[in-house]
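K.L.:
Handing you a structure now.
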Amino acid sequence: MLSAYIEEFKKLAKALISGQRVESGLLPPDFLDKQVNLLQPVLLYGTPFEVNFGDVCSDIPQNSTFKSGDNVTVLFWSACLQNDLMTEHTFALVEFLKGKDK
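Under the numbering used here, the first residue of the sequence shown is numbered 130, with each subsequent residue one higher.
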């Protein structure tokens, strides 16, 4: 099976380099609706009064600057990730500001 993937990725890489069009061919079957989940759902969870999921608990100091390789920690209120697998999406997004204007 791995050999088949390697062969196809080699074809795609050569086509990308040479600018050739690649035929899409057959799509693999989608078994997402047939997956079995044995985990029990979390039925009750919440946040403190006047706090919403996604609110920041502990932020970085304002006007902070960082250089490549620095570790930055921000804490926020989150729901149980087990209840939504966010297939094809993300739970968190890191953005950065270029330049001095906001």
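Virtual Cβ for every residue (Gly too), placed ideally from N, Cα, C.
Span of the beta strand (DSSP E) holding SER187?
P.N.:
Run containing SER187: 185-187, per the beta strand (DSSP E) assignment.
K.L.:
Where SER153 and LYS163 are concerned, what is the direct C-alpha to C-alpha distance, given to the nearest angstrom?
P.N.:
About 25 angstroms.
K.L.:
Quick test of your reading: PHE232 and VAL185, contact by CB under 8 angstroms. State the CB separation rounded to the nearest angstrom.
P.N.:
Lying before the first or after the last residue shown, residue 232 is absent from the chain, which here runs from 130 to 231.
K.L.:
For VAL203 and SER193, which I take to be in contact (beta-carbon distance under 8 angstroms), what is that distance rounded to the nearest angstrom?
P.N.:
Going by Cβ atoms, the distance from VAL203 to SER193 rounds to 11 angstroms, so no, they are not a contact pair.
K.L.:
If distances are taken between C-alpha atoms only, which option among PHE182, LEU172, VAL201 and PHE220 comes closest to GLN191?
P.N.:
GLN191 has its Cα closest to that of VAL201, out of PHE182, LEU172, VAL201 and PHE220.
K.L.:
Helix, strand or coil for LEU167, going by three-state DSSP, please let me know.
P.N.:
Residue state, collapsed to three classes: coil.
K.L.:
So, with DSSP's three-state summary, where would you put LEU156?
P.N.:
DSSP places LEU156 in coil when its eight states are reduced to three.
K.L.:
Suppose contacts are defined by Cβ-Cβ distances below 8 angstroms. Is GLN211 in contact with LEU145 by that definition?
P.N.:
No, these two residues do not count as a Cβ contact at 8 angstroms.
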